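Listed in order, the protein sequences are those of chains B, Y, F and U. For the first sequence, the working numbering begins at 1061 and goes up steadily by one. For the second sequence, the working numbering begins at 1061 and goes up steadily by one. For the third sequence, the working numbering begins at 1061 and goes up steadily by one. For the fourth sequence, the working numbering begins at 1061 and goes up steadily by one. Every residue, glycine too, gets a C-beta built ideally from N, C-alpha and C. Because the structure is a prediction, the values reported are computed rather than measured.
4 protein chains.
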Amino acid sequence: MRNTAIIRIHCPDQRGIVAKVTDFIHRHNGNVLALDQHTDQGEKRFFMRVEWDLDGFSLSVDEIKETFKAEIATPMSMIWSLKLSDQISRMALFVSRASHCLFDLLARHQAGELKVEIPLIVSNHKDLEKVANQFGIPFHHLPVTKETKEQVEAEQNRLLEAYAIDFIVLARYMQILSSDFIERYPNRIINIHHSFLPAFAGAKPYHAAHSRGVKIIGATGHYVTSELDAGPIIDQDTIRISHHDSVESLVQKGKDIEKLVLSRAVRAHVDRKTLVYKNKTIIFA
Amino acid sequence: MRNTAIIRIHCPDQRGIVAKVTDFIHRHNGNVLALDQHTDQGEKRFFMRVEWDLDGFSLSVDEIKETFKAEIATPMSMIWSLKLSDQISRMALFVSRASHCLFDLLARHQAGELKVEIPLIVSNHKDLEKVANQFGIPFHHLPVTKETKEQVEAEQNRLLEAYAIDFIVLARYMQILSSDFIERYPNRIINIHHSFLPAFAGAKPYHAAHSRGVKIIGATGHYVTSELDAGPIIDQDTIRISHHDSVESLVQKGKDIEKLVLSRAVRAHVDRKTLVYKNKTIIFA
Amino acid sequence: MRNTAIIRIHCPDQRGIVAKVTDFIHRHNGNVLALDQHTDQGEKRFFMRVEWDLDGFSLSVDEIKETFKAEIATPMSMIWSLKLSDQISRMALFVSRASHCLFDLLARHQAGELKVEIPLIVSNHKDLEKVANQFGIPFHHLPVTKETKEQVEAEQNRLLEAYAIDFIVLARYMQILSSDFIERYPNRIINIHHSFLPAFAGAKPYHAAHSRGVKIIGATGHYVTSELDAGPIIDQDTIRISHHDSVESLVQKGKDIEKLVLSRAVRAHVDRKTLVYKNKTIIFA
Amino acid sequence: MRNTAIIRIHCPDQRGIVAKVTDFIHRHNGNVLALDQHTDQGEKRFFMRVEWDLDGFSLSVDEIKETFKAEIATPMSMIWSLKLSDQISRMALFVSRASHCLFDLLARHQAGELKVEIPLIVSNHKDLEKVANQFGIPFHHLPVTKETKEQVEAEQNRLLEAYAIDFIVLARYMQILSSDFIERYPNRIINIHHSFLPAFAGAKPYHAAHSRGVKIIGATGHYVTSELDAGPIIDQDTIRISHHDSVESLVQKGKDIEKLVLSRAVRAHVDRKTLVYKNKTIIFA
Chain B
1061 MRNTAIIRIH CPDQRGIVAK VTDFIHRHNG NVLALDQHTD QGEKRFFMRV EWDLDGFSLS
1121 VDEIKETFKA EIATPMSMIW SLKLSDQISR MALFVSRASH CLFDLLARHQ AGELKVEIPL
1181 IVSNHKDLEK VANQFGIPFH HLPVTKETKE QVEAEQNRLL EAYAIDFIVL ARYMQILSSD
1241 FIERYPNRII NIHHSFLPAF AGAKPYHAAH SRGVKIIGAT GHYVTSELDA GPIIDQDTIR
1301 ISHHDSVESL VQKGKDIEKL VLSRAVRAHV DRKTLVYKNK TIIFA
Chain Y
1061 MRNTAIIRIH CPDQRGIVAK VTDFIHRHNG NVLALDQHTD QGEKRFFMRV EWDLDGFSLS
1121 VDEIKETFKA EIATPMSMIW SLKLSDQISR MALFVSRASH CLFDLLARHQ AGELKVEIPL
1181 IVSNHKDLEK VANQFGIPFH HLPVTKETKE QVEAEQNRLL EAYAIDFIVL ARYMQILSSD
1241 FIERYPNRII NIHHSFLPAF AGAKPYHAAH SRGVKIIGAT GHYVTSELDA GPIIDQDTIR
1301 ISHHDSVESL VQKGKDIEKL VLSRAVRAHV DRKTLVYKNK TIIFA
Chain F
1061 MRNTAIIRIH CPDQRGIVAK VTDFIHRHNG NVLALDQHTD QGEKRFFMRV EWDLDGFSLS
1121 VDEIKETFKA EIATPMSMIW SLKLSDQISR MALFVSRASH CLFDLLARHQ AGELKVEIPL
1181 IVSNHKDLEK VANQFGIPFH HLPVTKETKE QVEAEQNRLL EAYAIDFIVL ARYMQILSSD
1241 FIERYPNRII NIHHSFLPAF AGAKPYHAAH SRGVKIIGAT GHYVTSELDA GPIIDQDTIR
1301 ISHHDSVESL VQKGKDIEKL VLSRAVRAHV DRKTLVYKNK TIIFA
Chain U
1061 MRNTAIIRIH CPDQRGIVAK VTDFIHRHNG NVLALDQHTD QGEKRFFMRV EWDLDGFSLS
1121 VDEIKETFKA EIATPMSMIW SLKLSDQISR MALFVSRASH CLFDLLARHQ AGELKVEIPL
1181 IVSNHKDLEK VANQFGIPFH HLPVTKETKE QVEAEQNRLL EAYAIDFIVL ARYMQILSSD
1241 FIERYPNRII NIHHSFLPAF AGAKPYHAAH SRGVKIIGAT GHYVTSELDA GPIIDQDTIR
1301 ISHHDSVESL VQKGKDIEKL VLSRAVRAHV DRKTLVYKNK TIIFA
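Here you go:
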């Protein structure tokens, strides 16, 4: 695995952005491996992700940060970030009682499909402790009631800091997090909602889908914001159903699509292919 | 093409329904060509569609109606209907300015894919008169304003009766029909809504989808009821989009799926494969 | 969970089959829960699956077998089988090195999604022994070479009999079974082929798909017959790819669809919803 | 509609390509509207499409050609082409008896969805003359037999030249073109094959699909090469079928996907988003 640098940018649209960024990489002896850009004509905003090989690159990481900032980012009013492919993200899993998303993420992790570290699993129920044990991941049982929610979130925050967690995946956690909690992890909490948002936001979406008689159900992977089920969408998918499906079979069929969409959303985040602007995502190729 | 009879039924769930119906057909020398049934366990309601060959059947159509009613339908408290495959439905098309659904339905009709008669096209704009002429279908231009709506609907009703129309397809008609009008055609007005309902009900769904940043858009073919965009869904489909798509390209991509879903919904209706119960549809195989 | 009886039938098409079968159930005080039938007009062959509640049914299982055979099956030249929902199938898993299908099936089993017993896992490599241990399933390492194949199959057969296995799932087993072995388990060995058959049959389908430049890849769940990759297809699915995908990323994306299709094929088999006739399947609703 | 320039490039992978191309555009006062690039790591080959606004650009079209060639294309061993968005392609349609693809393309053209001119329709049968007349496109009936094929192709070539045709769409033409004919239009003949290639290449793919018992069928839009059904694939799509589908219903369902895939393939070609290398396509965003 070669070590690469990834820069994600957004800035007001203006002439010469790609030329300047690629010239910067070229001048310092870098080889572009992937480049994807997008201009939102309505917002007059430019978005870009570029990844290049660090082998033979003439600048150190600190020098990249300084030089890129001084020469390009500041003059062009860029919001930007630099990541290195050898920085492995540390992911916390929040779960409740349903095992399908947890099994899927842990199996992918164990098989080497998902390049993250998983230092801990947090749950408000004990049901999935066995699964955590099967995969050898520390399990923290933190039951939540209306009364204890604030203090549980404080404990969760303590754990997340102690384990130096980069981002959180709500793998069917089924609890609403406080705004305070969410704001500590902007665009770093990923949730799977078990419907095709914005259809059937809120609780019990499969009951609502059954009641409305839809012919397709879906799932939505999104970043969590303080407005419930309204954060930037990372990925969605749908499957066809019919009048034969009871609520129970919708739940069953929905699980397959929930775990698929959640794993794709997590992968996009881990590969630094997501960029959020004004509550919408750019997902780079 | 052989001539067949189609009976659609729903009734309280009870023992022996399939046995009695199929015995009735068998006793009178009929051969079942297709049979599909469904029990809604929650509603304790039974649904069935059966189609049999009339060649050699020992009862006339009137006798079928009488005998079936007396022996089976009434004792089992059935809501039921009998259709013959050689009864060709008469379909009215209501359009406005967008041509894609109109072209698609007329091309299918001309190619023999859609077994209906199309005696007239009604529109509130003149834009599609040329298309009607290309396909040789009478075009009625009835512009609608708030003030004239009542009187226009009266004229539409007059035309529908004069042409002995069985059902109406709103092929992107873009006008809201009055409850009075709708109630004359219960489960006989089919609309294509250009979103994956219930997401983005109402006007300008592609603008709403773009603004929300969804990754999939859809279309919904449904029967029209007096509650806007809330009628029984016949068919839906979805396609993947991305941040590259502007509102204009959503509209463009959406057209492909709108015309596909609408044609499938119309075909299901024409083939007598739909059954509505409590604002939901059973779509038989 | 109520106890139900499931009869699957195929026979020459003839009048009155549904009437006679449903009358049989009705006469003996059974309540039909699901009925699906199909007539292949080309083959003039009739197929049917019917499931009814055994609660209150007036015949014992042995009496069903005798009476149904004498009164209906023999006179109508039926090939048929009777299964009871409380007969839990015993499934053997054959695996090699790739873990994704194994993880998926074991996770579903542990979560109660898959109503089978899994008495053993057989593998020609030791790689997945750890996974078997995580889920507490006995693992049998039986390495295969050209020289030992016959003797390994003898040992496999011994194990399958010792554990009273009903059917075998090749969860990416990657070994070709002998005709002798296959013929012991007609329509009872399920394989997942990692392509959209019949495209790219044989080894290395992702390499072949990449080389041909297809825009969609797929997976196929099928019963194994002695002709390689040519057995009756149970389920298939596809996903969109692009020129960005290397062979490695095809393999990665393919895994998601392989495990999904395999699980659906296994579920169809376990729910007694499959019927094979002339190398094709009927999959009942 | 602004006037834009589109350059498509492929060349050996080397450092600084994007930098040099975008610097060229930037130096001459161009504003990049879209840029998509891809590196095939296996082939060590670089592919790129860039589109920029010509408004205010300091070079004329001839100067672009000269300067880009001298400064960039030749030194970097590029295969490249320049197109202007105001060059409207001239498309010939070859058809036979099936009308669905013809109707779809003509309806899109009339509705302004497809930015091409269609000077003529060529057919070996008279069936679709009526459709050509409905849309006001000249129709040339050129029946083909084994004996007359060479002379018919000569006449077709004469027409294509007389009408200054840029590319040909085989909208279910059902005749095999000679290598001589094909080689005059490299990557400029688009065919719709009514199966998911490479499955079921050759004649009667729906019969083959029915016989094999697949659960999904597809369609493939591809450039025609002298090897039958083996040219570079532009787009594909699939739909789910079942044992209920006869050959006739496969044909019917297949039509919907054929016309959708063909229209997308034509659009990609018209928008200059395709690039062929070694019998595979790059489809730019």
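Quiz item: Relative to the C-alpha of G1196(U), which residue among L1230(U), S1239(U), F1241(U) and I1181(U) is closest?
Solution: I1181(U)
Quiz item: Using a Cβ-Cβ distance under 8 Å, would T1134(B) count as near chain U?
Solution: no
Quiz prompt | Where the alpha helix (DSSP H) through G1281(Y) begins and ends | solution = Counting along the chain, G1281(Y) falls outside any alpha helix (DSSP H), though it belongs to the beta strand (DSSP E) covering I1276 to Y1283.
Self-check item: Where the stretch 1244–1266 of chain B meets chain Y: residues whose CB sits under 8 Å from a CB there
Solution: F1256, L1257, P1258, A1259 and F1260
Quiz prompt | Interface residues of chain F facing Q1194(B) [CB-CB closer than 8 Å] | solution = Per Cβ cutoff of 8 Å: Q1194 and F1195.
Quiz item: Which one or two residues does DSSP pair with D1006(B) in a beta bridge?
Solution: This structure does not reach residue 1006(B), given that chain B is present from 1061 up to 1345, and the question cannot be answered.
Quiz item: In chain Y, what lies closer than 7 Å to D1100(F) by C-beta?
Solution: In chain order: nothing, as chain Y lies at least about 12 Å away.
Self-check item: Separation of W1140(U) from W1112(U), as counted between CA atoms
Solution: 16 Å
Self-check item: Segment contact, 8 Å Cβ cut-off, at least three pairs: the stretch 1219–1233 of chain B with the stretch 1258–1269 of chain B
Solution: no
Quiz item: Should E1126(F) be labelled buried (16 or more other beta-carbon atoms within 10 Å of its own) or exposed?
Solution: exposed
Quiz item: Taking C-beta to C-beta, are H1303(F) and A1079(Y) nearer than 8 Å?
Solution: no
Quiz item: Closer than 9 Å, Cβ to any Cβ of chain U: which residues of the stretch 1284–1307 of chain F, in chain order?
Solution: A1290, P1292, I1293, I1294, D1295, Q1296, D1297, T1298, R1300, S1302, H1303, H1304, S1306 and V1307
Quiz item: alpha helix (DSSP H) containing V1326(F): first to last residue?
Solution: Per DSSP, V1326(F) is one residue of the alpha helix (DSSP H) stretching across V1307 to V1330.
Quiz item: Listed in chain order, which residues of the stretch 1160–1194 of chain B have Cβ atoms closer than 9 Å to some Cβ of chain U?
Solution: none
Exercise. Helix, strand or coil for T1127(U), going by three-state DSSP, please let me know.
Key: helix
Quiz item: With distances taken between CB atoms, is the gap from A1325(Y) to I1250(Y) smaller than 8 Å?
Solution: yes
Practice problem: Could you please give me the residues that DSSP links to E1207(Y) through a beta bridge? | Solution: DSSP lists no partner for E1207(Y).
Practice problem: Compare the C-beta of L1320(U) with all C-beta atoms of chain B and state if any pair is closer than 8 Å. | Solution: No, L1320(U) does not count as interfacial toward chain B.
Quiz prompt | Where I1276(F) meets chain U, residues with beta-carbon distance less than 8 Å | solution = Residues of chain U with a Cβ closer than 8 Å to the Cβ of I1276(F) are, in chain order, F1256, G1278, Q1296, D1297 and T1298.
Practice problem: Could you name the residues of chain F that A1345(B) contacts, counting a contact when the two beta carbons are closer than 9 Å? | Solution: S1302 and H1304
Quiz item: Which residues in the same chain as K1186(F) place their Cβ atom closer than 8 Å to its Cβ, once the five residues preceding and following it in sequence are excluded?
Solution: For K1186(F), where only same-chain residues beyond five positions count, the Cβ hits under 8 Å are H1201.
Self-check item: Neighbouring residues, chain B, relative to N1091(U) (Cβ below 9 Å)
Solution: D1073, Q1074, R1075 and G1076
Quiz item: Leaving out the 5 sequence neighbours to the left and right, which residues in its chain are closer than 8 Å to I1148(Y) when beta-carbon positions are compared?
Solution: K1175, V1176 and E1177
Self-check item: Nearest-angstrom beta carbon gap, C1161(B) and K1275(B) [assumed within contact, 8 Å]
Solution: With a Cβ gap of about 25 Å, K1275(B) and C1161(B) do not count as contacting.
Quiz item: Is it right to say Q1194(B) is buried, meaning 16 or more other beta carbons lie within 10 angstroms of its own, or is it exposed?
Solution: buried
Quiz item: In chain B, which residues lie with their C-beta within 7 Å of the C-beta of D1083(U)?
Solution: A1079 and D1083
Quiz item: How long is the line joining the alpha carbons of F1199(U) and D1331(U), rounded to whole angstroms?
Solution: 26 Å
Exercise. Using a Cβ cut-off of 7 Å, pull out every chain F residue sitting near H1086(Y), in sequence order please.
Key: R1075, G1076 and A1079
Exercise. For D1316(F), go through chain B and note every residue whose CB falls closer than 7 Å to its CB, in chain order.
Key: Neighbours of D1316(F) across chain B, judged by C-beta separation under 7 Å: L1320.
Self-check item: Short CB-CB distance (under 8 Å) between Q1097(F) and chain Y
Solution: Judged by the 8 Å Cβ criterion, Q1097(F) is in contact with chain Y.
Practice problem: Tell me where the beta strand (DSSP E) around S1183(B) begins and ends. | Solution: V1176 to S1183
Practice problem: Taking C-beta pairs closer than 8 Å, name the residues in chain Y that G1376(B) reaches, listed in chain order. | Solution: Any property of residue 1376(B) remains undetermined from this structure, which presents chain B solely from 1061 to 1345.
Quiz item: Tell me which same chain residues have a C-beta within less than 8 Å of the C-beta of A1152(U), skipping the five on either side of it?
Solution: I1178, P1179, L1180, I1181, V1182, L1219, L1220, Y1223, I1225, F1227, I1228 and V1229
Quiz item: D1295(U) and V1321(U): beta carbons closer than 8 Å?
Solution: yes
Exercise. Evaluate the contact criterion for the stretch 1329–1343 of chain B versus the stretch 1120–1135 of chain Y: three or more CB pairs, one atom per stretch, below 8 Å.
Key: no
Quiz item: By how many angstroms is the C-alpha of C1071(U) removed from the C-alpha of F1107(U)?
Solution: Each residue's alpha carbon lies about 7 Å from the other.
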